[in-house]
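Rendered as structure tokens:
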């Protein structure tokens with residue numbers, strides 16, 4: 009299992025993506041943050057801007073499917089996407105979450 013994370017400056021886009029992924033059973037839940045400060049180094053300059061984070065629990069085996077669908081649907085507008093593994097989780101909650109996700 010994994011925590012899927014998407015980062016973008018457009019909160020409406022992340023809301024739309026959350027609904028899409030939930031409808032397609034590609035994530036079991038969705039959380040969208042308030043504004044965060046996002047920093048990155050571009051060449052010799054540190055760039056700072058405000059962005060939002062969408063997080064959702066999913067199966068690691070679904071990552072490539074999610075990434076492909078978002079690339080096909082949103083093209084260049086697709087947000088930064090990555091995942092973090094879930095190492096430990098309560099077994100009852102795990103079973104509930106897995107029941108909400110597409111079978112792989």
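In my numbering, the protein residues as written are 9 to 112. Yeah, the Cβ is synthetic: ideal placement off N, Cα and C, and Gly gets one too.
Secondary structure within the region 64-88: the alpha helix (DSSP H) runs of 4 or more consecutive residues, fully enclosed, are 71-82 (chain order). Shown here for residue 32: same chain residues with a beta carbon closer than 8 Å to its own, the five before and five after excluded, namely 77 and 110 in chain order. Around the beta carbon of residue 20, fewer than 16 other beta carbons lie within 10 angstroms, which makes this residue exposed. Apart from sequence neighbours up to five positions away, the residues of its chain that approach residue 41 with a beta-carbon distance below 7 Å are 60 and 61, ordered along the chain.
Contact between the region 78-93 and the region 9-28 is present, with at least three C-beta pairs closer than 8 Å. Nearest in C-alpha terms to residue 81, of all of 28, 100 and 17, is 28.
Counted as a single uninterrupted DSSP element, the alpha helix (DSSP H) harbouring residue 20 occupies residues 19-31.
The alpha carbon of residue 37 has as its nearest neighbour, out of 23, 55 and 83, the alpha carbon of 23.
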